[in-house]
Amino acid sequence: MLTTYIKPIRTESDYEEALSRIEMLMEAEPNTPEFDELEVLTTLVEAYEAKEYRIDAPTAIAAIKFRMEQQGLNQQDLVPYIGSKSKVSEVLSGKRELSKNMIQALHKGLNIPLESLFQEPLKYRFHP
Numbered sequence: 203m204l205t206t207y208i209k210p211i212r213t214e215s216d217y218e219e220a221l222s223r224i225e226m227l228m229e230a231e232p233n234t235p236e237f238d239e240l241e242v243l244t245t246l247v248e249a250y251e252a253k254e255y256r257i258d259a260p261t262a263i264a265a266i267k268f269r270m271e272q273q274g275l276n277q278q279d280l281v282p283y284i285g286s287k288s289k290v291s292e293v294l295s296g297k298r299e300l301s302k303n304m305i306q307a308l309h310k311g312l313n314i315p316l317e318s319l320f321q322e323p324l325k326y327r328f329h330p
């Protein structure tokens with residue numbers, strides 16, 4: 203019986219090696235040592251990617267600016283949702299946090315998802 207040595211993925215080089223080996227094993231038949239190796243390597247790669255390639259959700263400011271760009275809006279267009287022009291400027295520059303009323307108005311008026319308007323970014327993991 204041939205034994206394959208599988209090591210933890212700690213570096214980008216280890217990661218690239220594991221991906222290359224996975225590619226070679228993609229046609230492995232179930233219930234074979236090669237298929238078992240494929241499953242183990244895939245699990246290790248997923249764990250490495252979850253740790254090293256984590257993607258943060260956009261901030262509230264980024265979500266607002268994205269919607270402004272999508273709809274061709276300027277700061278003046280946000281006054282009905284945020285308040286005065288100075289408040290809009292302060293929010294977009296990060297000097298003022300969004301209030302509950304602002305969040306509700308932006309969500310209802312511009313259809314920005316509520317989860318995008320909270321100040322603390324949520325952590326999402328990238329899984330190919």
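Under our numbering, the first residue of the sequence shown is numbered 203, with each subsequent residue one higher.
For each residue, glycine too, the CB sits at the ideal point set by N, CA and C.
Quick check on residue i: does DSSP put it in helix, strand or coil?
{"i": "I211", "result": "coil"}
{"i": "I314", "result": "coil"}
{"i": "M226", "result": "helix"}
{"i": "T206", "result": "coil"}
{"i": "E231", "result": "coil"}
{"i": "F320", "result": "coil"}
Buried or exposed for residue i, please, with buried defined as at least 16 other CB atoms from any protein chain shown within 10 angstroms of its CB.
{"i": "R327", "result": "With a pLDDT of 45 at R327, under the threshold of 50, the modelled position of this residue cannot be trusted; read the value that follows with caution. Burial call: exposed."}
{"i": "L324", "result": "Residue placement at L324 is flagged as unreliable, the pLDDT there being 44, under the threshold of 50; the coordinate-derived value follows with that caveat. Looking at its Cβ environment, which holds fewer than 16 other Cβ atoms inside 10 Å, L324 is exposed."}
{"i": "A262", "result": "buried"}
{"i": "V281", "result": "exposed"}
{"i": "A264", "result": "exposed"}
{"i": "S295", "result": "exposed"}
{"i": "S301", "result": "exposed"}
Could you spell out where the alpha helix (DSSP H) holding residue i opens and where it closes?
{"i": "I263", "result": "262-273"}
{"i": "L300", "result": "Taken as a continuous stretch (DSSP letters only), L300 belongs to no alpha helix (DSSP H), as it is neither H nor E."}
{"i": "Q282", "result": "Checking the sequence, you will find Pro at residue 282 rather than Gln. Looking at the DSSP string, the run of the alpha helix (DSSP H) that includes P282 is 281-284."}
Just confirm the distance between the C-beta atoms of residue i and residue j, as a whole number of angstroms; I'd bet it's less than 8 Å.
{"i": "L227", "j": "L240", "result": "4 Å"}
{"i": "Q278", "j": "K287", "result": "6 Å"}
{"i": "I284", "j": "V293", "result": "6 Å"}
Taking 7 Å as the cut-off, does the CB of residue i come closer than this to any heavy atom belonging to the ligand NAP?
{"i": "I257", "result": "Among the components modelled here there is no ligand, and therefore nothing to report on the ligand NAP."}
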